[in-house]
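One structure below.
In the working numbering, the protein residues as written are 4 to 587.
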C-alpha cells in the first residue's frame, strides 16, 4: 500500500464527495436489508393463514402492505445505490483525470535523456493502462469495501438476533469462499502483470513500426515485420489465455459455494424448524436471501484485494516516473528579459546517456543582433551547441552565458520563449498547416500566418492544396515533402519573432534557388536578432558575421567568409567544392 499513498492528496481533495458517498452507501444497504425481513414476514403471514390463525381478509391486507413495503424499500435502495455510484465512482474518474494530468505534466518537464532511455509505448501504457487500474482502486474497490462492511454489520446483526445457531452454520462456507477467491486473485494479479508488460511491449513495437512505415516499405521488409508481430501477438495471446483460464474459475466457484450455503440454510434451517428451534418458516426464506446478498460482498473481498494489488503495482510503475527528477531544473521563479547576447566559455559537453564527448573546450561569443554560422562534418557537435543554448542539456565543464548571465541563472521558460528553433528533423503535428505555424504564436492572426509562410517561401505550396492553410497533415507532417516540412517549421519559428533564432540545417531539403530566397527573407526578419545557422552549405554561411568550423567537438577554424575562403582548411575545401553553386 506504500505506493498508493500518492493518492491520499486526491482523496483529501474530494473528501466531501467521498463522505457523502459513504453515507449514501450505508443508507442504500440499510434499505436493501429491509427486503429479506419483509419477505420472511410475507411467508409467515401465508403460514399463519394456512394454519388458520389469520383470516383471509387480514392475511391479504397484511400481505399487500408487506409487498408494497418491499417495493418501496427496493425502490429507495435502488435510488440510493444509483447515487452511491454517481458519487464514489465519479470521484474515481476525477482522480483518474487528475492523475493523468499530473503524469502528463511531469512528462513535459523531464529532460531529453529520459525520453532516450524510455520507449514511447511504455510511456503511453503507464498514462493509460496503469492509471486505469489505479482508478479501479479509487472507485470500485472503495465502494465495494464500504458496501461489504455495511452489509456485514447490518445483516449479521439481523441474522444473529433471529437465529444465531443457523447463522453460524450458514457463515461457514463464506470465509472459505473469500480465501479461495483471494488465492485466485493473487494468481490473476500475477498473470495480469505479465499481460500488462506484454501489452506494453506490443504497443511499443506497433508504434515504432507505424512511425517507420516508409522505411519498412522502402526496404520491402513487410514480411519480416509481420512475422515478428505475429510472434509477439502469439506470445501475448498465450499470456491472455493463461489469465483467462484462472479467471474462468472465479464465478463457477462462487456459484458452487453459494449453492452450498443455500443447501445448509434449507437443510439445517428445515431441521431446526421441524425440531421447533425456529418458530417461523419465513426465517428460512429470509436467511436464503441474506446468504445470496452476502455472498457477493464476501467474494469481493478477494476481488478487491486483487484490485488493490494491481493498483499497487501500477501506481509503483507510475511513481517511478513521477519520482524521476528532471536533470534540467528551473531555479529562477521570476521572468527574465532576454536580449540575445550569447557567450560560450571553454564549454565541454558529454552526453549522459552515451558518454559521447560532443564538445571540447568550445569558446565563442555573439553580440545582440549578430549572426553566427556553424559548419562541420556530421557528428562534429553542431546541433549540440543549439541544444545547449536552449538548455535542453547542462554542460559539465565551462560556462554558457546569455546577456552576461550564466544560463542556469535565467528563468527557463523566459529563455526558451525567447528562442525560435528549427530542428534538423522538422516535426509537424497532425493538425492543420495554419495551426502548425501558429504553434510558434498561438494568438497570431491569419495575416501573420500568411506573412510568415511567404517569408519561408511555402505560401504558394500551401494555397495549392485543396483546403489551403486548413489542410490537415498526417502524422509527423507526412502529407508534405521534406522541403515543405522544413519551410513550415521555419515559418513557425519566425512568426514568434523571438530574440534568438536557431536554424539547424533546416534548408537541406530545398534547392539552392529557394534557399537563396529564404535566406534573403531571413536576413530581413532576423535583423537585430541573434541568429545561429547550422549548415553544410557555404551559401547558408557566407553572409554571417562570424563562422566557426567544428571537427570532433573542437573549433578548428573561425572567422568570416572572406577570411576563411583564403585559408587552407575545411572551409576553403568546402568552398572550392561548392563553387559551382550560384553567387559563391
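Using N, Cα and C, we set each Cβ at its ideal position, and we do this for glycine too. Since we're looking at a predicted model, the values are computed, not measured.
Option nearest residue 85 by Cα separation, candidates 24, 123 and 67 = 24
By DSSP, does residue 12 sit in helix, in strand, or in coil?
-> helix
Name the DSSP bridge partner or partners of residue 368?
-> Note: residue 368 sits in a beta bridge opposite 346.
Out of curiosity, what's the CA-to-CA distance linking residue 354 and residue 388?
-> 12 Å
Give a yes or no on contact between the segment 246-263 and the segment 15-29, applying the rule of three or more CB pairs nearer than 8 Å.
-> As far as the Cβ criterion goes, the segment 246-263 does not touch the segment 15-29, which means the pair count is below three.
Does DSSP classify residue 447 as helix, strand or coil?
-> coil
Contacting residues, own chain, Cβ-Cβ under 6 Å from residue 486 (five flanking each side not counted) = 512 and 513
Keeping to the same chain, check which residues put their C-beta closer than 7 Å to that of residue 148; ignore five residues upstream and five downstream.
-> 307
With 16 other CB atoms within 10 Å as the buried threshold, where does residue 89 fall?
-> exposed
Okay, do the segment 170-188 and the segment 253-263 touch, 3+ Cβ pairs below 8 Å being the bar?
-> yes
Segment contact flag, the segment 141-155 with the segment 218-236, C-beta cutoff 8 Å, min 3 pairs = no
Member of 450, 163 and 418 whose CA lies at the smallest distance from the CA of residue 503 = 418
Just curious, the beta strand (DSSP E) that residue 476 is in, first and last residue?
-> Per DSSP, residue 476 belongs to no beta strand (DSSP E) and is neither H nor E.
Measuring CB to CB, does residue 509 end up less than 8 Å from residue 529?
-> no
Would you check if the segment 5-12 and the segment 318-327 touch, i.e. whether three or more CB-CB distances between them fall below 8 Å?
-> Output reads yes: the segment 5-12 touches the segment 318-327.
Return the bridge partner residues of residue 507 from the DSSP annotation.
-> 537
Once you ignore the five residues that flank residue 343 on each side, which residues in its own chain have a CB closer than 6 Å to its CB?
-> For residue 343, where only same-chain residues beyond five positions count, the Cβ hits under 6 Å are 371, 502, 503 and 533.
Rounded to whole angstroms, what's the CA-CA distance from residue 112 to residue 223? Just pull it up for me.
-> 39 Å
Exposed unless 16 or more other CB atoms sit within 10 angstroms - verdict on residue 495 = buried
Report yes or no: do the segment 100-118 and the segment 329-349 share at least 3 C-beta pairs separated by less than 8 Å?
-> When C-beta atoms of the segment 100-118 are compared with those of the segment 329-349, three or more pairs fall below 8 Å, so the two segments count as touching.
Are the CB atoms of residue 76 and residue 28 nearer to each other than 8 Å?
-> no
Of the residues 270, 206, 267 and 201, the one placed nearest residue 238, counting alpha carbons only = 201
Length-filtered (4 minimum) alpha helix (DSSP H) runs lying within the segment 94-162 = 115-120, 123-128 and 134-139
Taking C-alpha atoms, which residue in 170, 394, 425 and 244 lies nearest to residue 270?
-> 170
Under a Cβ-count criterion, where at least 16 other Cβ atoms within 10 Å of its own Cβ denotes burial, should residue 334 be classed as buried or exposed?
-> exposed
Span separating the alpha-carbon of residue 32 from that of residue 480 | 56 Å
Ignore the nearest five residues each way along the sequence and tell me which others in residue 219's own chain have a CB closer than 7 Å to its CB.
-> 212, 225 and 228
Using DSSP with H/G/I as helix, E/B as strand and the rest coil, what is residue 441?
-> helix
Can you tell me whether residue 34 is buried or exposed, with buried defined as 16 or more other CB within 10 angstroms of its CB?
-> By the C-beta density criterion, residue 34 is buried, having at least 16 other C-beta atoms within 10 angstroms.
For the segment 38-47 against the segment 283-302, are there 3 or more C-beta pairs whose distance is under 8 Å?
-> yes
At what residues does the beta strand (DSSP E) containing residue 411 begin and finish?
-> Taken as a continuous stretch (DSSP letters only), residue 411 belongs to no beta strand (DSSP E), as it is neither H nor E.
For the segment 212-257, list the alpha helix (DSSP H) runs that are entirely contained and at least 4 residues long, ordered along the chain.
-> 216-221 and 225-250
Inter-residue CB distance, residue 126 and residue 110 (contact presumed, cutoff 8 Å) = 7 Å
Tell me whether residue 589 is buried or exposed, calling it buried when 16 or more other Cβ atoms sit within 10 Å of its Cβ.
-> For the chain, the structure presents residues 4 to 587; residue 589 sits outside this window and is missing.
When the Cα atoms are used, what is the spatial distance from residue 535 to residue 451?
-> 23 Å
Assign residue 540 to one of two classes, buried (16 or more other C-beta atoms within 10 Å of its C-beta) or exposed (fewer than that).
-> buried
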